[in-house]
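As numbered in the numbering used here, residues 1355 to 1640 make up the sequence shown, in order.
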Amino acid sequence: MASIIVQLLIIGTLQGGIYALAAFGLALIFGVSNVLNLAHGQFLMLGGLFSYILFMATKWNPLLLSLILIPLFFGLGFLFERGLVRPLLERKGHELVIASILVTLGASLAIEDITSFFWGPEEKGISYMMPSIQMGSMVISSIRLLGLLFIVLLTVAVHLFLKKTYTGRALRATTQNRQGAMLMGVNTFRIGSITFGIGTILASAAGVFYVILFTITPFIGIPLSIKYLCIIVMGGLGSLYGSLLGGLILGITEAITGYFAPHWSETAAFFILVAILLIRPKGLLG
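1. For a minimum of 4 consecutive residues, which ranges assigned as the alpha helix (DSSP H) are wholly contained in the stretch 1555-1587?
2. Got a sec? Which residues, its chain only, sit under 6 Å from Ala1381 by beta carbon, not counting five neighbours each side?
3. Rounding to the nearest angstrom, what Cα-Cα distance links Ser1486 and Arg1498 in this structure?
4. Can you say whether Ile1626 is buried or exposed, counting buried as having 16 or more other CB atoms within 10 angstroms of its CB?
5. Kindly provide the ranges of any alpha helix (DSSP H) runs that are 4 or more residues long and lie completely inside the stretch 1444-1490, ordered along the chain.
6. Evaluate contact between the stretch 1397-1409 and the stretch 1531-1548, counting only Cβ atoms and requiring at least three cross-stretch pairs below 8 Å.
7. In the structure shown, what three-state DSSP assignment does Thr1519 receive?
8. Nearest CA to the CA of Gly1646: which residue from Pro1416, Pro1475 and Glu1444?
9. Determine the extent of the alpha helix (DSSP H) in which Met1536 is found, giving its start and end residues.
10. List the endpoints of the continuous alpha helix (DSSP H) containing Leu1375.
11. Can you name the start and end residues of the alpha helix (DSSP H) that Glu1608 belongs to?
12. Could you check whether the Cβ of Gly1370 sits closer than 7 Å to any heavy atom belonging to the ligand FMN?
13. Please report how far the alpha carbon of Gly1534 lies from the alpha carbon of Leu1516, in whole angstroms.
14. For Pro1635, does the three-state DSSP call read helix, strand or coil?
15. Helix, strand or coil, according to DSSP, for Gly1590 in the structure here?
16. What residue range does the alpha helix (DSSP H) around Pro1441 cover?
17. Helix, strand or coil, according to DSSP, for Val1540 in the structure here?
18. If you follow the alpha helix (DSSP H) that Ser1420 is part of, which residue opens it and which one closes it?
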């Protein structure tokens, strides 16, 4: 039983890390631009799809493929902000939020239709075998441990970027007070484009890990975007690191519940969300 619990905790932490990476990117975008990007889950799907295509062509370690995708998805996120989101920023408050939901939902549906047309609706997953690690009676998947290590390293890299670089500090300043950052000479529009690029990188990296652990279809994007919004609310709106904590809680909850009561895994996750909001209405770190 102990070995099963350990396995579930590893799977849950990896699953939670995937959620946390993508939700952290979405929280960055919302914090800087006040835009709810419902196409965010589609970037995870595209990251998984492109890594699947590259893996089938090269048979390289799929985790290394995430490094190849970084410049591609940064550019994709940058252009997405410039082309679809930037024109919306003339609106303020609720008008901006509603407009961003409608525009990014339309973009999400378009991405879904295009990928389904060219690559079909079939499920796709990467089966990459590496020697397992045996610890007593426990056998632990080394690819999952390696994936978890990659997620930790990527999270640390983003943390250092936000803390140590001028652009990172400008990004955090814009998140805390956009008008104040503008008065201090920060080009908030440029920061918004960079933030979309970084958020898209995090979503695509999460997609690489997702396609190893699960399977992807063109239709997973919108449900995942909604899940990431729930994670942000759970962690606390305005709290970047709350989304990391919320993602880990959700992933571990789904993994454990999915083993003992598979039909209740999604429901249990939302029970956790409601319970947290009843106890802490502003979220865990809000």
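No residue lacks a Cβ here, since even glycine has one placed at the ideal position from N, Cα and C. If you're wondering where the values come from, they're calculated on a predicted model, not measured in any experiment.
In terms of the structure at hand:
1. Runs of the alpha helix (DSSP H) lying entirely within the stretch 1555-1587, each at least 4 residues long, are absent.
2. Translated into positions along the sequence shown, residue 1381 becomes position 27. Taken in chain order, the residues that qualify are Ile1586, Leu1594 and Ser1597.
3. For the purposes of this step, residue 1486 is taken as residue 132 along the sequence shown, with counting starting at 1. For the purposes of this step, residue 1498 is taken as residue 144 along the sequence shown, with counting starting at 1. The straight-line gap from Cα to Cα measures roughly 10 Å.
4. Here residue 1626 is taken as the residue at index 272 of the sequence shown, counted from 1. Classification for Ile1626: buried.
5. Annotation: the stretch 1444-1490 contains the following complete segments of the alpha helix (DSSP H) (minimum length 4 residues), in chain order: 1447-1473.
6. Because the criterion of three Cβ pairs below 8 Å is not met, the stretch 1397-1409 and the stretch 1531-1548 do not touch.
7. Sequence index remark: in the sequence shown, residue 1519 carries index 165 (1-based). The answer is coil: DSSP assigns Thr1519 none of H, G, I, E or B.
8. The chain is shown from 1355 up to 1640; residue 1646 falls before or after that span and cannot be answered.
9. As a working note, residue 1536 is residue 182 in the sequence shown. Per DSSP, the continuous alpha helix (DSSP H) segment holding Met1536 begins and ends at Arg1532 to Leu1537.
10. What you label residue 1375 is simply residue 21 of the sequence shown in a count that begins at 1. That run of the alpha helix (DSSP H) goes Ala1356 to Ser1387.
11. Locating residue 1608 in the sequence shown gives position 254, where the first residue counts as 1. Secondary structure note for Glu1608: its alpha helix (DSSP H) is the uninterrupted segment Leu1594 to Phe1614.
12. Looking at this structure, you won't find the ligand FMN or any other ligand, since it has none at all.
13. Position 180 of the sequence shown, counting from 1, holds the residue named residue 1534. Position 162 of the sequence shown, counting from 1, holds the residue named residue 1516. Spanning the alpha carbons of Gly1534 and Leu1516 requires a straight line of approximately 18 Å.
14. Numbered from its first residue, the sequence shown carries residue 1635 at position 281. Of the three classes helix, strand and coil, the one that applies to Pro1635 here is coil, per DSSP.
15. Stepping through the sequence shown from its first residue, residue 1590 is reached at position 236. Gly1590 sits in coil when the DSSP states are folded into three classes, being neither helix nor strand.
16. The residue you call residue 1441 lines up with position 87 of the sequence shown. For Pro1441, there is no enclosing alpha helix (DSSP H), since its DSSP letter is neither H nor E.
17. Here residue 1540 refers to the residue found at position 186 when the sequence shown is read from its first residue. Residue state, collapsed to three classes: coil.
18. Counted from its first residue, the sequence shown places residue 1420 at position 66. Per DSSP, Ser1420 belongs to the alpha helix (DSSP H) from Pro1416 to Phe1434.
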